[in-house]
Amino acid sequence: MGVFGTPREQRNCGGPQRTEEDTAPGCGVKGSQGPEWLQRANNGDGVPATLASMTDPTYGASMPTPRPRGGPKRTFQAVAWGVILVLVLMVMLGGGDEGATGDGPVSSVDDATLEMESRFVIAQEAMAPGTGGQVLEQINRSPDPNRRIRLAAIAAAIGGPEAGREWLADLQGQISEMELLLSESQSAEIDGLDRLFAGSASEGVALDMEERLGWFGQVAVDAASDDRVDRLKPVVEQSVLMASMVMVAIIALGVVGLVGLVLLVLYIVRAVQRQLPRTMAPAHSWDGVYAETFAIWIILFQVLLAFSMIPGMSSSSDWRMTPTLVAFFLSLFALAWPVLRGVSWQDVKADIGWTQGAGLVREVGCGVIGYAMAIPIVAIGLLITLLLIFLSAPEEGAGAAAHPIVGEVAGGGWIVRLQVLVLASIAAPIVEETMFRGVLYRQVRTSAGRFPRWGSVVIAAAVTSLVFALIHPQGMLAVPVLSAMAVAFAIAREWRGSLVAPMVMHGMSNGIVMTTLMMMFG
Numbered sequence: 007m008g009v010f011g012t013p014r015e016q017r018n019c020g021g022p023q024r025t026e027e028d029t030a031p032g033c034g035v036k037g038s039q040g041p042e043w044l045q046r047a048n049n050g051d052g053v054p055a056t057l058a059s060m061t062d063p064t065y066g067a068s069m070p071t072p073r074p075r076g077g078p079k080r081t082f083q084a085v086a087w088g089v090i091l092v093l094v095l096m097v098m099l100g101g102g103d104e105g106a107t108g109d110g111p112v113s114s115v116d117d118a119t120l121e122m123e124s125r126f127v128i129a130q131e132a133m134a135p136g137t138g139g140q141v142l143e144q145i146n147r148s149p150d151p152n153r154r155i156r157l158a159a160i161a162a163a164i165g166g167p168e169a170g171r172e173w174l175a176d177l178q179g180q181i182s183e184m185e186l187l188l189s190e191s192q193s194a195e196i197d198g199l200d201r202l203f204a205g206s207a208s209e210g211v212a213l214d215m216e217e218r219l220g221w222f223g224q225v226a227v228d229a230a231s232d233d234r235v236d237r238l239k240p241v242v243e244q245s246v247l248m249a250s251m252v253m254v255a256i257i258a259l260g261v262v263g264l265v266g267l268v269l270l271v272l273y274i275v276r277a278v279q280r281q282l283p284r285t286m287a288p289a290h291s292w293d294g295v296y297a298e299t300f301a302i303w304i305i306l307f308q309v310l311l312a313f314s315m316i317p318g319m320s321s322s323s324d325w326r327m328t329p330t331l332v333a334f335f336l337s338l339f340a341l342a343w344p345v346l347r348g349v350s351w352q353d354v355k356a357d358i359g360w361t362q363g364a365g366l367v368r369e370v371g372c373g374v375i376g377y378a379m380a381i382p383i384v385a386i387g388l389l390i391t392l393l394l395i396f397l398s399a400p401e402e403g404a405g406a407a408a409h410p411i412v413g414e415v416a417g418g419g420w421i422v423r424l425q426v427l428v429l430a431s432i433a434a435p436i437v438e439e440t441m442f443r444g445v446l447y448r449q450v451r452t453s454a455g456r457f458p459r460w461g462s463v464v465i466a467a468a469v470t471s472l473v474f475a476l477i478h479p480q481g482m483l484a485v486p487v488l489s490a491m492a493v494a495f496a497i498a499r500e501w502r503g504s505l506v507a508p509m510v511m512h513g514m515s516n517g518i519v520m521t522t523l524m525m526m527f528g
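Quick note on numbering: the sequence shown equals residues 7 to 528 in the numbering used here.
Okay, here's the thing in structure tokens:
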């Protein structure tokens, strides 16, 4: 059977295709209280066992299984939820923006996101001469001197060395008006760039600018050279290719998204008409143990992640992402907790969706379809995120909600990028879907069983999606788009019962983004 087992047929009271119209004896529909053993199972220390039979026809057709040893008691669940809340807040507050302001250092994420924006400026100027400066002004709203110093190289690239000097002169005037104090490094960068654009810089100054400013330093050196057009040609061609590729990707996603929108509407209509099959495994009196399991996982994951970031954990800088990969998979040992508490491994797999559903091939296909259905949902979240960035942090641009892994993609070689791709498109989907749409969704779905089915689904999707978004390091501005993605994954979990489809959707989403970033950075 492997890791993904097939849920036992008797668990679903008529099989995975059972609908609300089914009224088989003991299935708990249309007023039935469910099997007698299920009514007696609640001992006041967990979710009422009759709850499932009263709210979801799939709950109640299996033989009773003993409660886990020692619980789960409501006290344990309350402590688990307290731990989850505290840790989510700690991760959220500790994963804030590490961008540079004032005289602070510039992070690789800041440089990477600013480089992407700058390439669009260069592409705009190449495709529509005379318009690049307007776009450049749009990304020059930040008071951060580090950001503005680097944009001087882009001004020189699209307007010539004199345009670069004018940019630096304006910057120095603004700094004087705002009475800002530049660091020694920032002053050296402004002086070096000015000497470059004036044609009085030595070879040593040019090398120093490339070392200090990276890609921006190289652009500045090329823009200040006598054969400026020829030396900037590779950068221009790559920027135009990147912009064209993004446009094609947006159009393709738009077409797929329209198809997905139609399928999503059909799904909603069927859900409203109660024509969707019941695929979730039945609720049990032991389900509270999954709150404990998620709390243990989030602790274990943070400890392993911190341990993986200790200097010297990897054999070389090229393999620096390997400890993080290992940490992701090791965190799955948290799934041993419900087994230690007395739940059989077969029941755990069925409960959290580690099953093949209607068959592995079919579930993978449903994941592809689910990805198309997710696009319109994610588009709404993306629009909200962009609106929040525009209203609260327009000066930061794309960097306001960028993931730290962007810096690894921008600055790493092909070995690092391969590890990033595996981490984003394989490790993260498997681990995160297991814990969020598997363990946590199962817990909240059962806890909300007092509500009608649609109510428990909405509550479970909302809670798990918010936790999922808050625990990611992009910050609060990225919460809408991350929550939208998580809602789409939760819908797939409810639709299929198995986690295969959500994993495929998650992997496709991350894989497409990472591949696009790698192509953009060359």
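Note that beta-carbon positions come from the ideal geometry of N, C-alpha and C, so glycine has one too.
Residue from the options whose Cα sits closest to the Cα of residue i
i	options	result
G220	V469, G413, P486	G413
F442	A297, T285, R234	A297
L93	W303, L505, A492, W343	W303
F495	L483, P382, I390	P382
M491	V141, E439, R459, F457	E439
T470	L483, P479, V493	V493
G387	L142, Q480, F82, A484	A484
D117	P435, V510, H409	H409
Q352	L366, M327, A287, F300	A287
L264	V384, T522, Q480	V384
V450	E243, F222, A277, V295	V295
Cβ-Cβ distance between residue i and residue j below 7 Å
i	j	result
I518	R448	no
A498	P508	yes
Q130	G138	yes
R530	V211	Summary: the structure shown does not reach residue 530, with the chain confined to residues 7 through 528, and so no result is reported for it.
V127	I181	no
V463	E500	yes
V437	F334	yes
R171	F203	yes
A158	L199	yes
L270	M379	yes
G373	G503	no
L331	L424	no
D477	V97	It is Ile, not Asp, that sits at residue 477 in the sequence shown. Yes.
I155	E195	yes
T391	P344	no
S245	R125	yes
I421	D324	yes
L427	M520	yes
V262	E369	no
8 Å Cβ shell around residue i - same chain, five flanking residues per side excluded
i	result
V309	none
A454	G461, S462, I465, A466
G166	A229, R234
M525	M248, M251
Own chain residues within Cβ distance below 6 Å of residue i, not counting five before or after
i	result
M514	Y377
L346	none
E168	none
F339	none
N146	L157
A207	R201
A475	V485, L488, S489
DSSP-derived helix/strand/coil call for residue i
i	result
E131	helix
R456	coil
S291	coil
T137	coil
E438	helix
E185	coil
R276	helix
F474	helix
S504	coil
D545	With the chain represented from 7 up to 528, any question about residue 545 goes unanswered, as that position is not in the structure.
V464	helix
D324	helix
I145	coil
A226	helix
L282	coil
Q308	helix
I316	coil
V85	helix
Q178	helix
Distance cut-off 6 Å: residue i Cβ against heavy atoms of the ligand MG
i	result
E185	As far as ligands go, the structure on display features none, and thus does not contain the ligand MG.
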